[in-house]
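**Q** Numbered by the numbering used here, the letters in the sequence shown go through residues 7 to 410 in order. Glycine residues also receive a C-beta, built at the ideal position from the N, C-alpha and C atoms.
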Amino acid sequence: MSDDYNTNKDNDVTESEQIKSRAAKREKVIVRTSFVGIAANILLAGFKFVVGLISRSIAVMLDAVNNLTDALSSVVTIIGAKVANKKPDKHHPMGHGRAEYLSALIIAAIVLYAGITALIESVKKIIHPETADYSVITLIVITASVAVKILLGLYVGKKGRDTDSLSLIASGKDALFDAILSGSVLASALIFVLSGVSLESYVGLLISGFIIKSGIEMLIETLNKILGERADSDLTDKIKSVLRSIPEVRGAYDLVIHSYGPEKLLASVHLEVPDSMNATEIDTLSRRAQMLVMEKTGVILTTVGIYSYNTGSSGAGAMESQIRDTVLKHDWALEMHGFYVDNETRSVRFDVVMSFDIPHREGLSILHSEMDQLYPDYKFYIVADVDASDVEDLSEEKAKLKSK
């Protein structure tokens, strides 16, 4: 027992060191990428301001302002990454990882403000137009801006996906949008040079619309992260697959994942095991499950609940099959699990994952009524579970049940 304990302890230390190492490398990549974005955007903004003043182009000036907001966004990203990587403390025992979501929220607000400001200035220029004067230098600067923004957007976006940084991903998308918008400014400048028709105020209006749209999308995406969104199906499938690979585990259910930042995911789950297992065996299994999930997915399994299934009751299987068929005939009943029959107390317990199409109270009332008709001599304890993570696809099974 002592050797096993020491081995587990050493594994915990190693895993802890690996997590810290990954977090440090991630922060380094985010900061370095953000500095590249700051440098590129400040240079572009400087050139565009000069060109915009010389050519009296509102579209070029607004494009320069947009570059400054991008630089400011990168500064916020750096601050967010630094705060997120701070060690846990008494007031924040789960760490500071969610600070990245707040930094992304600030970036979205900055982008939205820039878009609204650009919209107001564009409308003013439409009402009180000024004729722009595009030179060869102006056209060269705008063309170079398009190329730089495309390269910057691809680079920042890739680093954001590699590090799972919401702020960098947003900045990468924003840079690619900027490339399209700068291209629109270039197109309006060429049209003016070739035909004398000035479209730059309307292009400024178009730019502001894209900036506002981008800001709103970033805001919604970040708010979803903060509020708590549905767990990624690929991740939940992988975790359940890892858990079901343990010989004693018949099923893994009620998986709930809480995000404390991109690098810190905590989860809870229920495992279905034989009713013949004792406390020591369950304890050993729970610890093994936690270690496997951490090793294979990086998710910290904080809570492992237990469902037992019948191994000594000959009639339990047939009873479960009949009840399962009855329950799953309902479209709103997505999954049934945790089934157990206690013949001594004449009681049955099971859980049902219900969709959001029906209130839990109503669903439970229907099920209790049906169970009382099927087995009037038994007492039923039915728990309604929230559809928090994807369950096994039972569409074919449900179709067969309805056809009976």
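1) For residue 117 and residue 312, I'd like the C-alpha separation in whole angstroms.
2) How would you call residue 387, buried or exposed, if buried means at least 16 neighbouring beta carbons within 10 angstroms?
3) Count the C-beta pairs between the stretch 156–168 and the stretch 248–263 that are closer than 8 angstroms, then say yes if the count reaches three, no if not.
4) Could you tell me how far apart the beta carbons of residue 210 and residue 141 are, in whole angstroms, since I believe they sit closer than 8 angstroms?
5) State yes or no: is the C-beta of residue 178 within less than 7 angstroms of the C-beta of residue 189?
6) Kindly indicate which three-state DSSP category residue 180 falls into: helix, strand or coil?
7) At which residue ranges does the stretch 179–264 contain complete alpha helix (DSSP H) runs of 4 or more residues, listed in the order of the chain?
8) What's the C-alpha gap between residue 389 and residue 383?
9) Just to confirm my understanding: we take residue 377, look at its own chain, exclude 5 residues before and 5 after, and list those with CB closer than 6 angstroms. What are they?
10) May I ask which residues mark the beginning and end of the alpha helix (DSSP H) holding residue 323?
11) State the Cα-Cα distance for the pair residue 236 and residue 395, rounded to the nearest angstrom.
12) Nearest CA to the CA of residue 195: which residue from 241, 150 and 144?
13) When the distance is taken between beta carbons, is residue 80 closer than 7 angstroms to residue 133?
14) Which residue from 174, 351, 309 and 357 puts its Cα closest to that of residue 37?
15) Classify residue 171: buried if its beta carbon has 16 or more other beta carbons within 10 angstroms, exposed otherwise.
16) Taking the alpha-carbon of residue 316 as reference, which of 58, 274, 278 and 30 has the nearest alpha-carbon?
17) Quick test of the definition: if touching needs 3 or more C-beta pairs under 8 angstroms, does the stretch 96–103 touch the stretch 49–65?
18) Determine the burial state of residue 4: buried for a count of at least 16 other Cβ atoms within 10 Å of its Cβ, exposed for fewer.
19) Would you kindly work out how many angstroms separate the C-alpha atoms of residue 284 and residue 353, rounded to a whole number?
20) Please classify residue 59 as buried or exposed, where buried requires at least 16 other C-beta atoms within 10 Å of its C-beta.
21) At the level of alpha carbons, what is the spacing between residue 122 and residue 182?
22) Cα separation between residue 152 and residue 339?
23) Just to confirm the assignment: which complete alpha helix (DSSP H) runs, minimum length 4, are found wholly within the stretch 41–113?
24) Examine chain D for any beta-carbon lying closer than 7 angstroms to the beta-carbon of residue 259, and answer yes or no.
25) Which value, in whole angstroms, describes the spacing of the CA atoms of residue 220 and residue 229?
26) Residue 260 and residue 276 - do their beta-carbons sit closer together than 7 angstroms?
27) Are residue 89 and residue 113 close, meaning C-beta to C-beta below 7 angstroms?
28) If I measure Cβ to Cβ from residue 373 and keep anything under 6 angstroms in the same chain, skipping five residues before and after, which residues do I get?
29) Quick check on DSSP: helix, strand or coil for residue 394?
30) Is DSSP giving residue 130 helix, strand or coil here?
31) Rounded to whole angstroms, what's the CA-CA distance from residue 240 to residue 111? Just pull it up for me.
32) Take residue 12 and list the residues in its own chain whose beta-carbon comes closer than 6 angstroms to its own, dropping the five residues that flank it on each side.
**A** Quick answer:
1) 47 angstroms
2) exposed
3) no
4) Incorrect: roughly 19 angstroms between the Cβ atoms, too far for contact.
5) At the C-beta level, residue 178 and residue 189 stay beyond 7 angstroms of one another.
6) helix
7) 206–233 and 239–250
8) 20 angstroms
9) 386
10) 322–334
11) In this structure, the CA atom of residue 236 is about 6 angstroms from the CA atom of residue 395.
12) 144
13) Their beta carbons are not under 7 angstroms apart, which means residue 133 does not touch residue 80 by this criterion.
14) 174
15) buried
16) 278
17) no
18) Past the edges of the chain, shown from 7 to 410, lies residue 4, and the structure says nothing about it.
19) 22 angstroms
20) exposed
21) 20 angstroms
22) 52 angstroms
23) 64–90
24) Of the protein chains in this structure there is only one, and it is not chain D.
25) For the pair residue 220 and residue 229, the Cα-to-Cα distance works out to about 14 angstroms.
26) Their beta carbons are under 7 angstroms apart, which means residue 276 touches residue 260 by this criterion.
27) no
28) 388
29) DSSP places residue 394 in the coil class of the three-state scheme, outside both helix and strand.
30) helix
31) 26 angstroms
32) Because the pLDDT at residue 12 is just 45, under 50, the model does not fix this residue reliably, and the value given afterwards should be weighed accordingly. Taken in chain order, the list of residues that qualify is empty.
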